[in-house]
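**Student:** In our numbering, the protein residues as written are 365 to 520. Glycine included, each C-beta is placed from N, C-alpha and C at the ideal position. Quick one: the structure is below, and I'll ask about it shortly.
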């Protein structure tokens, strides 16, 4: 496609991901980020279904890194999972969140040729909303067809 992207960073991230073939990672997020020197990489919450902050998109020149996160249940006693996932609160709470966040399954890097964080997220949300619209349309169609089937089968 000829997209421009940070090839060196993409290769470094891809190599680190491929080095661990297990689909369920259960790794500390910040160990992974530190190993790759990515601690200051900007990210956005891209979650559609679960706790806010549980799906992040990290932004790079021309590509993104998608990461699914969770907070082990033993840490829910004192702090709501959403607050941990979004790294909200005091400096101490943010530091604690970084210790608790775990990568749920293998992250993936996707080349998209986009250099702007804002443009990437606009495109992401537009595609997500279009997918949801199609799903809702299909569900309505199935429901309508199901109702028609029921009413036809109930006729004498």
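(1) According to DSSP, simplified to helix, strand and coil, what is residue 467?
(2) Taking 7 Å as the CB-CB limit, is residue 495 close to chain B?
(3) Which whole-angstrom value describes the C-beta separation of residue 475 and residue 407, a residue pair presumed to lie in contact below a C-beta threshold of 8 Å?
(4) Taking the C-alpha atoms as reference points, what is the distance between residue 371 and residue 455?
(5) Please determine, among 443, 377, 507, the residue with the shortest C-alpha to C-alpha distance to residue 398.
(6) I'd like to check one pair, residue 466 with residue 395: are the Cβ atoms closer than 7 Å?
(7) Would you list the residues sitting across from residue 432 in a DSSP beta bridge?
(8) Using the rule of at least 16 other Cβ atoms within 10 Å of the residue's Cβ for burial, across every protein chain shown, is residue 472 buried or exposed?
(9) Bridge partners for residue 427 per DSSP, in chain order?
(10) Which whole-angstrom value describes the C-beta separation of residue 449 and residue 418, a residue pair presumed to lie in contact below a C-beta threshold of 8 Å?
(11) Classify residue 392 as helix, strand or coil using the three-state DSSP reduction.
(12) How about residue 402 and residue 380: do their beta carbons lie closer than 7 Å?
(13) Can you check which of these residues, 503, 507, 497, 482, is closest to residue 428 by C-alpha distance?
(14) For a test of the three-state rule: what should DSSP assign to residue 489, helix, strand or coil?
(15) From residue 426 to residue 488, what distance separates their C-alpha atoms?
**Tutor:** Reading off the structure:
(1) strand
(2) The structure shown contains no chain B, having only a single protein chain.
(3) That pair is no contact at about 17 Å.
(4) 34 Å
(5) 377
(6) no
(7) 419
(8) By the 10 Å Cβ count, residue 472 comes out exposed.
(9) 424, 475
(10) Taking 8 Å as the upper bound for CB-CB distance, residue 449 and residue 418 are in contact here, some 5 Å apart.
(11) In the structure shown, the three-state DSSP call for residue 392 is strand.
(12) no
(13) Closest option to residue 428, judged by alpha-carbon separation, among 503, 507, 497, 482: 482.
(14) helix
(15) 14 Å
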